[in-house]
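2 protein chains.
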Amino acid sequence: MARTQGSRAEITGPLVRDAALRLFARHGYAAVSMRQIAAAVGVQAGALYAYTPDKQALLADLLREHMELLLAAWSDTPAEPPLVRLERFVRFHIAYSLDHSDSVFLSYMELRNLSSENRALIGSLRRRYEDDLTGILQAGAASGAMRLADPRLAAMALIAMLTGVINWFREDGRLDRAALADHYWALARGAVGAG
Amino acid sequence: MARTQGSRAEITGPLVRDAALRLFARHGYAAVSMRQIAAAVGVQAGALYAYTPDKQALLADLLREHMELLLAAWSDTPAEPPLVRLERFVRFHIAYSLDHSDSVFLSYMELRNLSSENRALIGSLRRRYEDDLTGILQAGAASGAMRLADPRLAAMALIAMLTGVINWFREDGRLDRAALADHYWALARGAVGAG
DNA sequence: GTCTATATATCGATAGAC
DNA sequence: GTCTATCGATATATAGAC
Numbered sequence: 000m001a002r003t004q005g006s007r008a009e010i011t012g013p014l015v016r017d018a019a020l021r022l023f024a025r026h027g028y029a030a031v032s033m034r035q036i037a038a039a040v041g042v043q044a045g046a047l048y049a050y051t052p053d054k055q056a057l058l059a060d061l062l063r064e065h066m067e068l069l070l071a072a073w074s075d076t077p078a079e080p081p082l083v084r085l086e087r088f089v090r091f092h093i094a095y096s097l098d099h100s101d102s103v104f105l106s107y108m109e110l111r112n113l114s115s116e117n118r119a120l121i122g123s124l125r126r127r128y129e130d131d132l133t134g135i136l137q138a139g140a141a142s143g144a145m146r147l148a149d150p151r152l153a154a155m156a157l158i159a160m161l162t163g164v165i166n167w168f169r170e171d172g173r174l175d176r177a178a179l180a181d182h183y184w185a186l187a188r189g190a191v192g193a194g
Numbered sequence: 000m001a002r003t004q005g006s007r008a009e010i011t012g013p014l015v016r017d018a019a020l021r022l023f024a025r026h027g028y029a030a031v032s033m034r035q036i037a038a039a040v041g042v043q044a045g046a047l048y049a050y051t052p053d054k055q056a057l058l059a060d061l062l063r064e065h066m067e068l069l070l071a072a073w074s075d076t077p078a079e080p081p082l083v084r085l086e087r088f089v090r091f092h093i094a095y096s097l098d099h100s101d102s103v104f105l106s107y108m109e110l111r112n113l114s115s116e117n118r119a120l121i122g123s124l125r126r127r128y129e130d131d132l133t134g135i136l137q138a139g140a141a142s143g144a145m146r147l148a149d150p151r152l153a154a155m156a157l158i159a160m161l162t163g164v165i166n167w168f169r170e171d172g173r174l175d176r177a178a179l180a181d182h183y184w185a186l187a188r189g190a191v192g193a194g
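First to last, the sequence lines map onto chains A and B.
Going by numbering that gives the first Met the number 0, 127 is the number at position 128 of the first sequence; the sequence numbering is gapless.
Going by numbering that gives the first Met the number 0, 114 is the number at position 115 of the second sequence; the sequence numbering is gapless.
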């Protein structure tokens with residue numbers, strides 16, 4: 000494929016997304032200008048429009064991609080006992096959230112800056128994830144392995160509890176990731192009545 | 000709600016704060032203009048500067064006031080058993096969060112748009128609240144009423160779990176507030192090993 | 001205290017050269 | 001694909017009249 004002068008599309012594209020993700024997560028979507036993103040990448044603002052039709056599509060693509068990667072990375076093991084499945088979910092969710100804290104933070108904060116169609120799309124992807132956890136909890140309640148009055152509410156509560164780790168955990172703090180996950184799993188197991 | 004000239008400071012001040020809180024919470028601080036706030040109040044943009052030196056002070060005041068009201072509304076009962084104190088905390092936190100969801104949402108969304116001094120101030124107020132819960136959990140662990148490997152982590156986890164209710168609860172949904180609080184208390188009690 | 005008017009800056013997005 | 005240059009809109013904040 001012919002290359003025009005100064006073309007570095009194969010590296011600029013990902014750089015634009017990375018810079019936008021980091022800046023949006025840190026300062027908020029509305030507070031970040033296209034010029035700031037361009038400066039972080041090392042191009043002029045006009046060049047960004049070779050990679051996105053507009054600023055909002057850039058945000059929507061980041062959020063959609065995050066939810067798709069999250070769903071692709073999570074795989075349930077329905078044949079195993081509910082408590083085993085729940086432990087896998089807890090450890091997966093913590094690790095994934097810490098590994099992608101910018102995306103996780105952004106996807107909780109900036110839904111409101113999406114168009115209604117984009118918001119509905121991201122919302123449906125998120126609901127699939129919540130439904131997966133709800134299913135595990137329902138199975139646990141049905142089998143007697145868990146004591147849960149409301150699996151749906153418990154799923155929302157557990158996801159909020161686990162996701163919150165990105166707001167306070169520091170890699171150089173007093174806890175390492177392994178201890179962190181163990182502690183959260185103990186809390187989750189107790190919450191579902193399987194302590 | 001256009002208005003010609005006339006002084007109505009005694010009602011305009013609170014209206015400015017109310018409008019700013021609602022708009023900031025709904026659209027994000029950076030996405031809301033002073034003109035939008037003025038329009039919601041029914042004055043011209045320039046009139047807002049009789050009530051705040053600038054836009055950021057408006058945000059900082061809202062967040063500081065929220066934390067001070069939260070701390071004033073919460074009162075522990077240290078003489079009572081730890082589990083009783085924890086139940087009071089859980090029910091208080093849910094009720095207060097639902098009653099002030101705009102403030103709660105804003106205070107964990109827009110810290111990043113504060114100056115470092117204002118951010119430190121709000122952070123210290125928040126830490127006092129987290130410390131209160133941590134103290135309850137430490138007392139519970141010490142007395143044997145709770146089984147907790149890490150009271151501080153558990154406090155952060157519980158606050159995140161409880162606060163998350165504002166992201167999904169709807170007053171006209173299948174659950175009323177009383178059932179909601181009961182369910183969350185059951186989850187919290189189990190999480191701290193007192194199920 | 002609120003108005004109108006405006007200074008000054010920056011925004012998102014586009015056009016045309018290379 | 002990236003640059004320079006720029007359009008039109010809008011931002012925060014201020015000045016002076018009433």
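Just so you know, even glycine gets a beta-carbon here, dropped at the ideal spot from N, CA and C.
- Item | Distance CB(PRO77 of chain A)-CB(GLY139 of chain A) smaller than 8 angstroms | The count along the first sequence starts at 1 and reaches residue 77 of chain A at position 78. The count along the first sequence starts at 1 and reaches residue 139 of chain A at position 140. It is not a contact, given that the beta carbons lie outside the stated cut-off.
- Using the rule of at least 16 other Cβ atoms within 10 Å of the residue's Cβ for burial, across every protein chain shown, is TYR48 of chain A buried or exposed? Walking along the first sequence from the start, residue 48 of chain A turns up at place 49. TYR48 of chain A is exposed by the Cβ-count criterion.
- Query: Once you ignore the five residues that flank ALA19 of chain A on each side, which residues in its own chain have a CB closer than 8 angstroms to its CB?
  - Reply: Locating residue 19 of chain A in the first sequence gives position 20, where the first residue counts as 1. Contacts found: VAL31, ILE36, LEU57, LEU58, LEU61.
- Within 8 angstroms (strictly less), CB to CB, does ASP149 of chain A reach chain B? Residue numbering aside, residue 149 of chain A sits at position 150 when the first sequence is read from its first letter. Judged by the 8 angstroms Cβ criterion, ASP149 of chain A is in contact with chain B.
- So, do the stretch 155 to 174 of chain B and the stretch 161 to 171 of chain A have three or more beta carbon pairs nearer to each other than 8 angstroms? yes
- Task: Establish whether the CB of ALA38 of chain A and some CB of chain B are separated by less than 8 angstroms.
- Result: As a first step, residue 38 of chain A is located in the first sequence; it is residue number 39 there, counting from the start. ALA38 of chain A does not count as touching chain B.
- For LEU136 of chain B versus VAL191 of chain B, is the C-beta distance shorter than 8 angstroms? Looking up residue 136 of chain B in the second sequence gives position 137. Looking up residue 191 of chain B in the second sequence gives position 192. Yes.
- Give every residue of the same chain whose Cβ lies closer than 6 angstroms to the Cβ of ALA46 of chain A, excluding the five residues on either side of it in the sequence, and list them in chain order. Locating residue 46 of chain A in the first sequence gives position 47, counting from the first residue. Within the same chain, ALA46 of chain A has no close Cβ partners at all.
- Just how far apart, CA to CA, sit ASP149 of chain A and GLY194 of chain B? Here residue 149 of chain A is taken as the residue at index 150 of the first sequence, counted from 1. Here residue 194 of chain B is taken as the residue at index 195 of the second sequence, counted from 1. Spanning the two alpha carbons is a distance of roughly 16 angstroms.
- Message: Classify LEU68 of chain B: buried if its beta carbon has 16 or more other beta carbons within 10 angstroms, exposed otherwise.
- Response: Walking along the second sequence from the start, residue 68 of chain B turns up at place 69. It is exposed - the Cβ of LEU68 of chain B has fewer than 16 other Cβ atoms within 10 Å.
- Take ARG90 of chain A and list the residues in its own chain whose beta-carbon comes closer than 6 angstroms to its own, dropping the five residues that flank it on each side. Within the first sequence, the letter at position 91 stands for residue 90 of chain A. ALA180, listed in sequence order.
- Candidates A:ARG151, A:HIS65, A:VAL15, A:ALA185: closest to ALA39 of chain A by CA position: The residue given as residue 39 of chain A occupies position 40 in the first sequence. Nearest C-alpha to ALA39 of chain A: A:VAL15.
- Classification of ILE93 of chain B by the beta-carbon crowding that lies within 10 angstroms, buried from 16 upward: Start at 1 with the first residue of the second sequence, and residue 93 of chain B comes out as number 94. Counting Cβ neighbours within 10 Å, ILE93 of chain B comes out buried, since at least 16 surround it.
- Taking buried to mean at least 16 other C-beta atoms within 10 Å of its own C-beta, is LEU186 of chain B buried or exposed? Indexing the second sequence from 1 puts residue 186 of chain B at position 187. By the neighbour-count rule (16 or more Cβ atoms within 10 Å), LEU186 of chain B is buried.
- Around the Cβ of ILE121 of chain B, are there at least 16 other Cβ atoms within 10 angstroms (buried) or fewer (exposed)? Here the question's residue 121 of chain B lines up with position 122 in the second sequence. ILE121 of chain B comes out buried.
- Query: So LEU157 of chain B is in the alpha helix (DSSP H); what residue range does that whole segment cover?
  - Reply: As a first step, residue 157 of chain B is located in the second sequence; it is residue number 158 there, counting from the start. Start and end: 150 to 162.
- What residue range is occupied by the uninterrupted alpha helix (DSSP H) comprising LEU62 of chain B? Taking the second sequence and counting its residues from 1, one reaches residue 62 of chain B at position 63. Here the alpha helix (DSSP H) through LEU62 of chain B covers 54 to 72.
- So LEU113 of chain A is in the alpha helix (DSSP H); what residue range does that whole segment cover? Here residue 113 of chain A refers to the residue found at position 114 when the first sequence is read from its first residue. From DSSP, LEU113 of chain A is part of no alpha helix (DSSP H); its letter is neither H nor E.
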